[in-house]
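Counting in my numbering, the sequence shown runs from 6 upward without gaps. Just so you know, even glycine gets a beta-carbon here, dropped at the ideal spot from N, CA and C.
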Amino acid sequence: MNVFDFFGSAVCHQMAERSFFWGNCQSPLCARCTAIEGGIILGVIFLWLAGRKDGNRPFSPSGVVLAALSFLPIAIDGVGSYLGFWQSNNLLRVLTGALAGYGLPGLFLLAANFSPAKENTNPVYKNTGEQIGLLLAAVAYGLLVWLGILPYFLVAIVSAVGVVCFYGCFWFLILRTMTAGKKFPCFLCSLAGGFFTVFVVATIVQRIS
């Protein structure tokens, strides 16, 4: 097991029949998780580059609808295939994963920064167009992986970093809640917390599997 597979085991079942292959190299995550983590990475990069770390303004009505609808496909495909109503495939898994993953960082950011006791004026997304742009970027990434255009190492790196960011989002939420109004390096500490959590969870998974 390489380091990418180790990181991937912290969130994914890594079933071969639901994963991508480059020769003998299997993707660190299944198709759905590959797209989810890719979407998370894109969301984190956008919010960071756009300077939205203090975003606390709730989404617009259309943004709320888009965010809610983005999670419906993964729920429908996941439950439907699990109950045997249909057999899912990697294309469906990639598309539904991308739709769910791109918006997670924004939701965590809003949950971490929103305060009912004060005026929340800093946008997470300035408009619904930004959400749509992220959604399309996440879907495009998933399709490029599905088509086999992207190289293994790029997908593996994005997947591993995405897993760290996934757990880091939880740490960011916790740290922002605990240090509200105080100067604290939440981003760096969240990143460190993400690495630590991945290491602990992956180690436990390897021990019991």
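Under a three-way DSSP split, which group does residue i fall into?
| i | result |
| --- | --- |
| Phe25 | strand |
| Cys17 | coil |
| Arg57 | coil |
| Tyr107 | coil |
| Phe243 | Here the chain covers residues 6 to 214 and nothing more, so residue 243 does not appear. |
| Met6 | coil |
| Leu152 | coil |
Please state if the CB of residue j and the CB of residue i are separated by a distance shorter than 8 Å.
| i | j | result |
| --- | --- | --- |
| Cys170 | Ile41 | no |
| Gly167 | Gly43 | yes |
| Leu148 | Leu104 | no |
State buried or exposed for residue i, treating a residue as buried only when at least 16 other CB atoms are found within 10 Å of its CB.
| i | result |
| --- | --- |
| Gly56 | exposed |
| Pro156 | exposed |
| Phe25 | buried |
| Asn94 | exposed |
Are the C-beta atoms of residue i and some chain C residue less than 8 Å apart?
| i | result |
| --- | --- |
| Gly48 | No chain C is present in this structure, which holds just one protein chain. |
Per DSSP, what are the beta-bridge partners of residue i in this structure?
| i | result |
| --- | --- |
| Phe62 | The displayed chain sequence assigns Arg, not Phe, to residue 62. Arg62 is bridged to Pro128. |
| Gln31 | Phe26 |
Would you tell me roughly how many angstroms separate the C-alpha atoms of residue i and residue j, rounded to the nearest one?
| i | j | result |
| --- | --- | --- |
| Val230 | Val70 | Examination of residue 230 is not possible in this model, given that the chain is present from 6 through 214 alone. |
| Gly102 | Ala80 | 10 Å |
| Leu112 | Met20 | 29 Å |
| Asn29 | Asp82 | 28 Å |
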